[in-house]
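A short write-up of the structure that comes next.
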Amino acid sequence: RRSQSSTRADKAIVEISRGVVKIQPIIDWSNKDVFYYLKEHGLSYHPLWEQGYVSVGDTHSTRKLELGMSEEDTRFNGFGRECGLHMDGDGI
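Final position of the sequence shown in the numbering used here is 125; the numbers increase by one with none missing.
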């Protein structure tokens, strides 16, 4: 989602990158949108949410949300940012 990362902030719902079509139907959803969707459909958050993990990624790079951190700060833990899935590949 756009709100999760500065590198995703300007992403479109449909993109074509290196011949691959990416459809990102919830790219413009906020955390509140996710909450209401889950509630409306009787779904639960990931169990780690209650422990402070607002975003779950790799085990070695995911951190709990702490005072003064943004949601983006909870991912990557000082490692390289995006894995490449959301990048256009220029400069690789």
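We put the beta carbon where it would ideally sit given N, CA and C, even for glycine.
- Taking one beta carbon from each stretch, the stretch 69-84 and the stretch 36-55 have fewer than 3 pairs nearer than 8 Å; the two do not touch.
- Closest in alpha carbon position to Glu99, among Val87, Pro58, His93 and Lys55, is Val87.
- In this structure, Arg108 sits near Gly90, with a CB-CB distance shorter than 8 Å.
- Look at Glu48 here: in three-state DSSP terms it is strand.
- The distance from the Cβ of Arg34 to that of Ile59 is about 6 Å, consistent with a contact at the 8 Å cut-off.
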